[in-house]
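Protein chains: 2
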Amino acid sequence: MTNLLIKKCDVLSFAGGKAHVETKQDIAIQDESISAIEKTGTLQEGNFEQCIDAGGMLAVPGFINTHAHVPMVLFRNLAEDVTISEWFNDYIWPMESNLTEEDVYWGAQLGMAEMIENGITCVADHYFHMDEVAKAVEMAGMRANLVWAVFAHQGEEMLDKTIDFTRRWQGKADGRITTWLGPHAPYTTNPDFLKLCAQKAQKNGLGIHIHVSETAAQVDLSLKEYGITPVQQVRDCGILDVPTILAHVVDPRGEDFDILASHDTGIAQAPKTYLKSGMGLAPIHQYREHGIPFGLATDGAVSNNTLDIMEQMRLLALFGKYQTMDSTCMKLEELMEITFHGGAKVMHLPEKIGDLKPGMLADITLIRQDGLNSTPKANSLAYLLYCAKSSDVDTVLCNGKVLMQGRKLLTLDKARIQQEVQSRLQRLSQRMPNERIAFYPA
Amino acid sequence: MTNLLIKKCDVLSFAGGKAHVETKQDIAIQDESISAIEKTGTLQEGNFEQCIDAGGMLAVPGFINTHAHVPMVLFRNLAEDVTISEWFNDYIWPMESNLTEEDVYWGAQLGMAEMIENGITCVADHYFHMDEVAKAVEMAGMRANLVWAVFAHQGEEMLDKTIDFTRRWQGKADGRITTWLGPHAPYTTNPDFLKLCAQKAQKNGLGIHIHVSETAAQVDLSLKEYGITPVQQVRDCGILDVPTILAHVVDPRGEDFDILASHDTGIAQAPKTYLKSGMGLAPIHQYREHGIPFGLATDGAVSNNTLDIMEQMRLLALFGKYQTMDSTCMKLEELMEITFHGGAKVMHLPEKIGDLKPGMLADITLIRQDGLNSTPKANSLAYLLYCAKSSDVDTVLCNGKVLMQGRKLLTLDKARIQQEVQSRLQRLSQRMPNERIAFYPA
Chain F
136 MTNLLIKKCD VLSFAGGKAH VETKQDIAIQ DESISAIEKT GTLQEGNFEQ CIDAGGMLAV
196 PGFINTHAHV PMVLFRNLAE DVTISEWFND YIWPMESNLT EEDVYWGAQL GMAEMIENGI
256 TCVADHYFHM DEVAKAVEMA GMRANLVWAV FAHQGEEMLD KTIDFTRRWQ GKADGRITTW
316 LGPHAPYTTN PDFLKLCAQK AQKNGLGIHI HVSETAAQVD LSLKEYGITP VQQVRDCGIL
376 DVPTILAHVV DPRGEDFDIL ASHDTGIAQA PKTYLKSGMG LAPIHQYREH GIPFGLATDG
436 AVSNNTLDIM EQMRLLALFG KYQTMDSTCM KLEELMEITF HGGAKVMHLP EKIGDLKPGM
496 LADITLIRQD GLNSTPKANS LAYLLYCAKS SDVDTVLCNG KVLMQGRKLL TLDKARIQQE
556 VQSRLQRLSQ RMPNERIAFY PA
Chain V
136 MTNLLIKKCD VLSFAGGKAH VETKQDIAIQ DESISAIEKT GTLQEGNFEQ CIDAGGMLAV
196 PGFINTHAHV PMVLFRNLAE DVTISEWFND YIWPMESNLT EEDVYWGAQL GMAEMIENGI
256 TCVADHYFHM DEVAKAVEMA GMRANLVWAV FAHQGEEMLD KTIDFTRRWQ GKADGRITTW
316 LGPHAPYTTN PDFLKLCAQK AQKNGLGIHI HVSETAAQVD LSLKEYGITP VQQVRDCGIL
376 DVPTILAHVV DPRGEDFDIL ASHDTGIAQA PKTYLKSGMG LAPIHQYREH GIPFGLATDG
436 AVSNNTLDIM EQMRLLALFG KYQTMDSTCM KLEELMEITF HGGAKVMHLP EKIGDLKPGM
496 LADITLIRQD GLNSTPKANS LAYLLYCAKS SDVDTVLCNG KVLMQGRKLL TLDKARIQQE
556 VQSRLQRLSQ RMPNERIAFY PA
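Those protein sequence lines, which keep their order, are chains F and V. As numbered in the working numbering, residues 136 to 577 make up the first sequence, in order. As numbered in the working numbering, residues 136 to 577 make up the second sequence, in order.
Listed below in structure tokens is the structure:
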């Protein structure tokens, strides 16, 4: 049982519908939830087992990472300045052919540690050897939705193994872990396999996390091959009949917007990946107009280089203003709504995370506001969006437990993790010319 | 006299023409310059008065900020989500009508402190009450080109006062300070005033730092009013006959490229400002094709929110790839060249700063490479461009002197500066509806 008081912080919340900051608040936590938020001094400190003095810090809901390949931190900075097909076919998929379970275990820990340092408390992860990722999540203390990625060429047997994985971990780690299915993408599966995934998801009460319409070339290829867009294809195959996370959807077309708006889906947006990979930018303003939920994501560190939602948030604001050439759009409050509410919706946890108020899960990130980049202290939302760095994150709680305090990680062994990952670099960075786990066609 | 050895660092340099990193190097500094860079162990530690152990850190040339309004950190986060004309006419110029010399003194110190923390050693600053900025530069230990901004409506008398300023500070602070003239922009001056500035700059042996073609609307207005672009106007008025820094030039047209390529000029690029203000993006690929030098800049913190060149460098890479939709352009090495060589060229100091080799000034920034965001350590250039945060800057030297070590500022009183700036916020954030220092017409 946790019984904790966070004292003297400024609190970002959506009370009244719009993001705003209340200064000098205390947050009371009972077990895994927020039990009260009151003006400092109202709650009796003596009634709490533990107190955290957050004097002057900004408390925000834990950042939500709606799409990642966390263990890919193993390959960080190893595939720079290449085309997308080179990235997949000459770098990532050859390198991933060297991957062992133990590599994933340590890579997952590195990624979790990095995310906690960056104030992220919840992640939707899409990778391989997912038992190892689940172990890392359990240990790290984060919240996660996990899927085991599967390609059509691996067949029904592998798909069934990924369903076994969901059974092993569903609801584990004090309920912090949920598990879904993870067919990789329409371009690495086929309509029959997608239908099979949808049927098995339905039967097992699972959602699906899948890459869709990442580039114009992918959409063109789908139109040529099937006469429909990837969004239409996942709809036609029944994927959208279960809860879904759609990664990227950078190039939806025509009818796609209505399809997305009328299903229980949310889109993960990783602008750094899109810019860096020359993929263009998603039509986020049209998503807003159509009421299609979207949140922020880091994608994998081989395309995005970091696991930092604060960076994605800033990029989304900047490119949103750029897209319209209108500096008055993408206002501070709107970015807060996308980051926290949008992220919670994409995770299908809108009543549980993404806001700070009594009854919500105690996933809380405390951010320092005493640096030179926050001087003068005049506007906490502008500071958070345009000035703060993830290194300003001081303390992180998830599910009522403290995962980092004063930038010291409490659940993971940082030095050991770094040593383990570094020791694997030489082997993992080798690219076998004829070994790759799949082929990128577009 | 300084006599200093920086030990065991990785060194970014352009030896051989292309940016690369040599590991395990020692850098020897004699007085204000680099005297040697050798493999660790080659130079005898006993021969040096002071040693800095930079084990595993990345040494880069001090970051160069080619256009700023440093004291505007005073107004940080006070003008968000507004149009450019609102930004000038309703926020900045009314707020600046409250500005005193002492405000500028403390604002300049805050900005210098922030820049040093972010690894910046050299800045081209364009503001008011510039004696106060010069005092702050002298104290901070940075390198700076300073101009006192002047509008046409202030007349020749004020222009002459800004020339007096150049005489008071030219070559001061051990040669770290140079001074030029700073007519604000073609849209706040007029051809006669620009000609006067050019004549007086010629006569006094001074360069000119001026805003040019920041937006399409400004260029359209100039075409309507004068039949020529702002770039043509500064050429026709003789401004380009002296050395110049042109801030922004986001919208050059037609003949402008040839004009820029054939004069002794350099362009300052602040992508965060352009994106955030809905100004579009400058044609940086065309600048490259035309051989027009450009470097990075933070602009003022009221549009850019931070004084962080590492952030601008990353944005330039990301948006450069976005502009072409080609992930193979804007390669790591090219960004290094723009950031360091480009910045040095814009500052008109290409033989002195922007590289690490014997004979260059000892302006050096040491960046940690032991964080989670640099694990595994595989590619220092990719780390620097896509992973590192300015908070990873550990130690900063300028002109052979240590300004920050282990993130502790050695020349400025951080707590006092923060207190002084915060105490001025209430007065400075007041906007007098009918008081503004100039009027923005576009």
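Using N, Cα and C, we set each Cβ at its ideal position, and we do this for glycine too.
Taking 8 Å as the CB-CB limit, is residue i close to chain B?
{"i": "residue 252 of chain V", "result": "Of the protein chains in the structure, F and V, none is chain B."}
I want to see whether chain F comes within less than 8 Å of residue i, judged by CB atoms only; does it?
{"i": "residue 421 of chain V", "result": "no"}
{"i": "residue 235 of chain V", "result": "no"}
{"i": "residue 456 of chain V", "result": "yes"}
{"i": "residue 508 of chain V", "result": "yes"}
{"i": "residue 522 of chain V", "result": "yes"}
{"i": "residue 466 of chain V", "result": "yes"}
For residue i, which residues of its own chain have a beta-carbon under 7 Å away from its beta-carbon, when the five flanking residues on both sides are left out?
{"i": "residue 267 of chain V", "result": "236, 239, 240 and 243"}
{"i": "residue 232 of chain V", "result": "567, 570, 571 and 572"}
{"i": "residue 175 of chain F", "result": "142, 143, 159, 160 and 161"}
{"i": "residue 357 of chain F", "result": "321, 363, 364, 365 and 368"}
Span of the beta strand (DSSP E) holding residue i?
{"i": "residue 260 of chain V", "result": "255-262"}
{"i": "residue 165 of chain V", "result": "155-165"}
{"i": "residue 142 of chain V", "result": "138-148"}
{"i": "residue 536 of chain F", "result": "536-540"}
{"i": "residue 99 of chain V", "result": "An answer regarding residue 99 of chain V cannot be provided, because it is not within the stretch 136 to 577 covered by chain V."}
Hey, could you find the ends of the alpha helix (DSSP H) residue i is sitting in?
{"i": "residue 551 of chain F", "result": "549-563"}
{"i": "residue 245 of chain F", "result": "236-252"}
{"i": "residue 300 of chain F", "result": "290-304"}
{"i": "residue 332 of chain F", "result": "326-339"}
{"i": "residue 370 of chain F", "result": "365-371"}
Is any heavy atom of the ligand GTP found at a distance shorter than 7 Å from the C-beta of residue i?
{"i": "residue 257 of chain V", "result": "Among the ligands in the structure shown, none appear at all, so the ligand GTP cannot be discussed."}
Nearest chain V C-beta to residue i closer than 8 Å, yes or no?
{"i": "residue 218 of chain F", "result": "yes"}
{"i": "residue 461 of chain F", "result": "yes"}
{"i": "residue 262 of chain F", "result": "no"}
{"i": "residue 557 of chain F", "result": "yes"}
{"i": "residue 592 of chain F", "result": "No answer is possible for residue 592 of chain F: the residues shown for chain F start at 136 and end at 577."}
{"i": "residue 348 of chain F", "result": "no"}
{"i": "residue 511 of chain F", "result": "yes"}
{"i": "residue 553 of chain F", "result": "yes"}
{"i": "residue 433 of chain F", "result": "no"}
{"i": "residue 153 of chain F", "result": "no"}
{"i": "residue 356 of chain F", "result": "no"}
{"i": "residue 144 of chain F", "result": "no"}
Suppose contacts are defined by Cβ-Cβ distances below 8 Å. Is residue i in contact with residue j by that definition?
{"i": "residue 200 of chain F", "j": "residue 513 of chain V", "result": "no"}
{"i": "residue 346 of chain V", "j": "residue 382 of chain V", "result": "yes"}
{"i": "residue 372 of chain F", "j": "residue 442 of chain F", "result": "no"}
{"i": "residue 507 of chain V", "j": "residue 411 of chain F", "result": "no"}
{"i": "residue 309 of chain V", "j": "residue 279 of chain V", "result": "no"}
{"i": "residue 496 of chain F", "j": "residue 154 of chain F", "result": "no"}
{"i": "residue 343 of chain V", "j": "residue 365 of chain V", "result": "no"}
{"i": "residue 521 of chain V", "j": "residue 253 of chain F", "result": "no"}
{"i": "residue 385 of chain V", "j": "residue 417 of chain V", "result": "yes"}
{"i": "residue 287 of chain V", "j": "residue 324 of chain V", "result": "yes"}
{"i": "residue 637 of chain V", "j": "residue 533 of chain V", "result": "Nothing about residue 637 of chain V can be read from this structure; chain V reaches only from 136 to 577."}
{"i": "residue 420 of chain V", "j": "residue 455 of chain V", "result": "yes"}
{"i": "residue 163 of chain F", "j": "residue 150 of chain F", "result": "no"}
{"i": "residue 139 of chain V", "j": "residue 185 of chain V", "result": "yes"}
{"i": "residue 492 of chain F", "j": "residue 187 of chain F", "result": "no"}
{"i": "residue 427 of chain V", "j": "residue 396 of chain V", "result": "yes"}
CB-CB under 6 Å to residue i, same chain, minus the five flanking residues each way: which ones, in chain order?
{"i": "residue 326 of chain V", "result": "372"}
{"i": "residue 575 of chain V", "result": "220, 223 and 224"}
{"i": "residue 283 of chain V", "result": "265, 297, 300 and 317"}
{"i": "residue 445 of chain F", "result": "525"}
{"i": "residue 398 of chain F", "result": "375"}
{"i": "residue 450 of chain F", "result": "406 and 407"}
{"i": "residue 275 of chain V", "result": "247, 546 and 547"}
For residue i, which residues in the same chain have their Cβ closer than 8 Å to its Cβ, ignoring the five residues on either side in sequence?
{"i": "residue 145 of chain F", "result": "156, 157, 158, 159, 160, 191, 192, 193, 194, 504 and 515"}
**Request:** Can you check the region 446-510 of chain V for any beta strand (DSSP E) of at least 3 residues that lies completely inside it and give the ranges in chain order?
**Result:** Unbroken beta strand (DSSP E) stretches of 3 residues or longer found wholly inside the region 446-510 of chain V: 499-502, given in chain order.
**Request:** Mind listing, in chain order, the continuous beta strand (DSSP E) runs of no fewer than 3 residues lying wholly within the region 374-431 of chain V?
**Result:** Here the runs fully enclosed are 379-383, 400-404 and 429-431.
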